[in-house]
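Reviewing the structure listed below.
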Amino acid sequence: MTTDTRIATMLDVPVLRRLTGSGMVLDAEIGVTRYAQSGHTLSLPSLLSRGLYTLLARVDQQYAMGLFRYRPEDLIAHIVYMAPELEPGEDTTLWLHLLDGMAREAGRNGAHTLIAEVEPDSPLYEVLRAARFGAYARQTIWRHDPVEASDDEPLLLLDEEENGDQIGIMALIASSVPTMVQQIALPHSELNGLVYRKDGRIMAYVGVAEGKHGVYLLPCLHHDVMDEAEAILQSALWQIERAVKVPVYVAVRMYHAWLNGVLENLNFEEWLEQVVMVKQITAGIKHPGFARVAMHGHVEVQPYTLHSYSLVVEHPLSDEEFE
-7 MTTDTRIATM LDVPVLRRLT GSGMVLDAEI GVTRYAQSGH TLSLPSLLSR GLYTLLARVD
53 QQYAMGLFRY RPEDLIAHIV YMAPELEPGE DTTLWLHLLD GMAREAGRNG AHTLIAEVEP
113 DSPLYEVLRA ARFGAYARQT IWRHDPVEAS DDEPLLLLDE EENGDQIGIM ALIASSVPTM
173 VQQIALPHSE LNGLVYRKDG RIMAYVGVAE GKHGVYLLPC LHHDVMDEAE AILQSALWQI
233 ERAVKVPVYV AVRMYHAWLN GVLENLNFEE WLEQVVMVKQ ITAGIKHPGF ARVAMHGHVE
293 VQPYTLHSYS LVVEHPLSDE EFE
């Protein structure tokens, strides 16, 4: 068996075109804002976005590609896309090599954690577990058609996040999110946000990402403002101009499950159930690869030491997906 995990070059364009015809989106935010997640396809121009790292893995004559996004100031890398789509019962050796390569490259670039969002009934869920990803939180993605424009000012207004709000947002997360999952609750550096202040403290934060296909919201509210939750979310929808043009998606993780009823009252519909999978990595440390070992007629996966390094490149910025 021959294996290779490396940077995708221009010579690999034909392979990439074939692979991106059907794949798996593992980043809900990017999926609903940029790529129309339900289509499970990714165009080649999408690979040229700033901060996306692309790997191409090969086992014998089988190929797979994977993308993750990472910025050094975040410490967390997020798998965006893997292709082609994994079929039930398919041998997973190739996928384990690809996941291992992404973890090593993320660690080499300074990330401490690699995460992926996957449906619990997806074949990839078990592959992630085999690759030593742990299930940290369940989340529900709620969807609303473009909201109706209104000139009526909401009951309360939210402030746009400022640089000086980071300490207040971290304090909010520390007081409203279980310790084990606080690291994945922190908003990444490119996520814009709206904050709700009460008595000088930030009591609610709504992360906002806008794209060609939708608006994505990631709320974090203190329990002391539960009675104001509906007004807070209504205000966020009113203040986001693009919400009247494209669907709005809200990610609610299990530690904020009480928000599900609030979204029902706002006429959102449950759209997708996911599990947030997390792998702790150490920068600069190589992780084991995987090889096929036949035992009693079955194919099992056992670790072995990789003697080659996979490579990665950060692509230049392309604005096509943000128009």
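This note's numbering numbers the first residue of the sequence shown as -7 and each following residue consecutively. All residues carry an ideal CB built from backbone N, CA and C; glycine is no exception. Remember, it's a predicted structure, so these values are computed and weren't measured experimentally.
Looking only at Thr132, Leu47, Glu118, the smallest Cα-Cα distance to Gly126 is reached by Glu118. Using a Cβ distance threshold of 8 Å, Gln272 and Val110 do not count as a contacting pair. Taking 8 Å as the cut-off, the beta carbon of Leu86 is found closer than this to the beta carbon of Val51.
Look at Tyr62 here: in three-state DSSP terms it is coil, with no helix or strand label. Around the beta carbon of Val5, fewer than 16 other beta carbons sit within 10 angstroms, so the residue counts as exposed.
Following the DSSP letters along the chain, one finds Ile273 in no beta strand (DSSP E), marked with neither H nor E. Taking the CA atoms as reference points, Ile71 sits about 31 Å from Leu150. Distance check between Leu148 and each of Glu182, Pro170, Leu186, Val169 places Leu186 closest, using alpha-carbon atoms only. When the alpha-carbon of Val24 is set against those of Gly206, Tyr247, Leu229, the nearest one is in Gly206. Under a 10 Å Cβ-count criterion, Thr274 is classified as exposed, with fewer than 16 other Cβ atoms of the shown protein chains found around its own Cβ. Beta-carbon to beta-carbon, Ile176 and Ile22 are separated by about 16 Å, too far to satisfy the 8 Å threshold. Put simply, of Ala56, Ile107, Arg96, Glu65 the residue whose alpha carbon is nearest the alpha carbon of Thr84 is Ala56. For Arg234, there is no enclosing beta strand (DSSP E), as DSSP marks it with neither H nor E.
For secondary structure counted as the beta strand (DSSP E) over 3 or more consecutive residues, the stretch 177 to 220 holds these complete runs in sequence order: 184 to 190, 193 to 202, 207 to 213. Beta-bridge partners assigned by DSSP to Arg26: none are found.
Between Met269 and Ala108, the CB-CB gap stays under 8 Å. Trp134 and Asp143 have their alpha carbons spaced roughly 25 Å apart.
If you draw a straight line from the Cα of Arg189 to the Cα of Met2, it is about 50 Å long. Rounded to whole angstroms, the gap between the alpha carbons of Ala235 and Thr(-5) is 46 Å. Of Ile(-1), Met16, Gly99, the smallest CA-CA separation from Leu47 is found for Ile(-1). It is roughly 7 Å from the alpha-carbon of Glu65 to the alpha-carbon of Ser181. Excluding sequence positions up to five before and after Leu210, its CB lies within less than 6 Å of the CB of Gly199, Ala243, all in the same chain and listed in chain order. About 5 Å separates the CB atoms of Val254 and Ala221; that is less than 8 Å, so the two are in contact.
Approximately 7 Å separates the beta-carbon atoms of Glu153 and Asn184; this is inside 8 Å, confirming the contact.
For the set Val7, Tyr27, Trp250, Pro146, the Cα lying nearest the Cα of Gln131 is the one of Trp250. Straight-line spacing of the CA atoms in Tyr197 and Gln54 works out to 44 Å. Ranking Pro115, Tyr128, Gly203 by CA distance to the CA of Met172 puts Tyr128 first. Using a 10 angstroms sphere on the CB of Asp19, the tally of other CB atoms reaches 16 or more, which defines it as buried. By the C-beta density criterion, Gly192 is exposed, having fewer than 16 other C-beta atoms within 10 angstroms.
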